[in-house]
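Worksheet for the structure shown next.
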Amino acid sequence: MVYLIEVSPQDIVASRFAISPLIVTKHTLWLLSGKKEAGVWRAWVDRVREPYQNLLARRPGLGAMVALFRERRYNADFPAPPPAGVNTPFGVELAAVRATPAAQARDEIARNLDGMARLPDSVMDVLLAPEVVDLFADALQGVWEEIVAPAWPRFHAVLERDVIQRAGRLATYGWAAALADLGPQVRWRPDGVIEVRAMSPDETYRLDGRGLLFVPTVLPVGVGSYLEHAWPYAISYPARGAGIAQEAPDGLAGLIGRTRTRVLLELAGPATTTQLVTLLGLSLGTVGGHLAALRKAGLVTGSRTGRGVLYHRTALGDSLVSPPASPR
């Protein structure tokens, strides 16, 4: 089954990218709850599992919210609505959650529960409580403060890198190029339609000049969508470079050094010097020195974008960090 999003020339102009700490916080819960595989983030998930367990004991809304998670079916939108701007602070997003009308929350929870097995009475008590919106918001605030916020500088650098690169591809090459690797569920059709494969019934949506909001996420939860009239229409997707491997082929670190190897690994997706500083946890001068050495060796190159320079690996750099093809 598929749903279609019809895009007009006005929608193309109005579409934009945004970064949402609240959506990343909710996606973190998909991994911590075991509803999604952590992939390359397994070590981080294991490190934050203890504070997650503590929060489950202290915040009754957390277990109830996680109990509603289900894949490729409707999930209540109000705990993580699409952001209003490009870099909306978490506090502003959380205030929007707390402002959710009780009737809307009840409606979305009932829709979420439809078709699910009966949940434990303790969970249903929370879901049916008059203060369920505040209970969910309190849970999200705890997860943000104790788990996501300490990792946010790295997360944000990955997301910002994706937005800069993808927005540039959209402006230069058009929608087909910008959407080509959002995920296997999404494709751009030549007739001006975005096609998304889903478990929901076939349906067509028209943006009517409002444009579409693209929200990258750093965690491996796949493509999600917000196509309710209460929200801006939005698609969330895994950011490029979010799953960069942290291990290089044997011997490379001994050849060019451990730090330069890490720079090459991070440049699986283009990045600025400032982004690399955050991603690597090194000083500006240190990163600049390693980039200069790698450029001189022909392993990376840079291209000016506005006031900054985006660095990326050359074909030679790719060959060093990519595993050799298996013999047939």
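The opening residue of the sequence shown carries number 1 in full-length UniProt numbering; numbering runs sequentially from there.
Every residue gets a Cβ at the ideal spot worked out from N, C-alpha and C, and that includes glycine.
Predicted model only: the values in this text are computed from it and were never measured.
Contact between L179 and L140 does not hold, since their C-beta atoms are separated by about 29 Å, which reaches or exceeds 8 Å.
When H312, P82, L280 are compared, the shortest CA-CA separation from R295 is found for H312. Cβ neighbours of A38 within its own chain (closer than 6 Å, five residues either side excluded): L31, V45. Taken through DSSP and simplified to helix, strand or coil, L113 comes out as helix.
Secondary structure of G289 (DSSP, three-state): helix. Annotated three-state conformation of A234 is strand, per DSSP. In the three-state DSSP reduction, R197 falls in the strand class (E or B).
By the Cβ neighbour-count rule, L255 is exposed, with fewer than 16 other Cβ atoms within 10 Å of its own. The three-state secondary structure of V48, taken from DSSP, is coil.
Distance from the CA of F155 to the CA of Y3, rounded to the nearest whole angstrom, comes to 30 Å. In the DSSP annotation of this structure, the continuous segment of the alpha helix (DSSP H) that includes E266 starts and ends at 258-266. Its chain contains G209 as the residues whose beta carbon lies nearer than 7 Å to that of Q10, once the 5 sequence neighbours on both sides are disregarded; these appear in chain order. At a Cβ-Cβ threshold of 9 Å, M116 and L62 do not count as neighbours.
If you look at Y3, you'll find it in the beta strand (DSSP E) that goes 2-6. Taken in chain order, no unbroken stretch of beta strand (DSSP E) lies wholly in the region 7-42 with a span of 3 residues or more. Taking the C-beta atoms as reference points, V92 is found no nearer than 9 Å to A18.
Between W144 and F90, the C-beta gap is smaller than 9 Å, which places the two residues in contact.
The criterion of a C-beta distance shorter than 9 Å is satisfied by L284 and V277. Taking the Cα positions, L310 is about 36 Å away from E228. Here the C-alpha atom of V13 lies approximately 7 Å from the C-alpha atom of G211. In this structure, the beta-carbon distance from V300 to V263 falls below 9 Å.
Each of Y205, D134, A293 was checked against the Cα of A102, and the nearest Cα belongs to D134. Remark: C-beta atoms of L280 and T259 approach each other more closely than 9 Å. Per the coordinates, the alpha-carbon of T100 lies some 10 Å from the alpha-carbon of V132. Within the region 61-143, the complete alpha helix (DSSP H) segments at least 4 residues long are 90-98, 102-113, 121-127, 132-143, listed from N- to C-terminus. Per DSSP, T272 lies in no beta strand (DSSP E) and is assigned neither H nor E. It is roughly 46 Å from the alpha-carbon of L55 to the alpha-carbon of A315. For the pair L265 and V321, the CB atoms are nearer than the 9 Å cut-off. Rounded to the nearest angstrom, the gap between the Cα atoms of A253 and V287 is 16 Å. For G168, the enclosing alpha helix (DSSP H) covers residues 152-173. Here DSSP, grouped into helix, strand and coil, assigns S319 to helix. Just so you know, the alpha carbons of P21 and A177 end up roughly 26 Å apart. Where R240 is concerned, there is no enclosing beta strand (DSSP E), because DSSP gives it neither an H nor an E. Nearest Cα to V196 within the set I235, V218, V158, D138: I235.
With 16 or more neighbouring CB atoms inside 10 Å of its own CB, P82 falls in the buried class.
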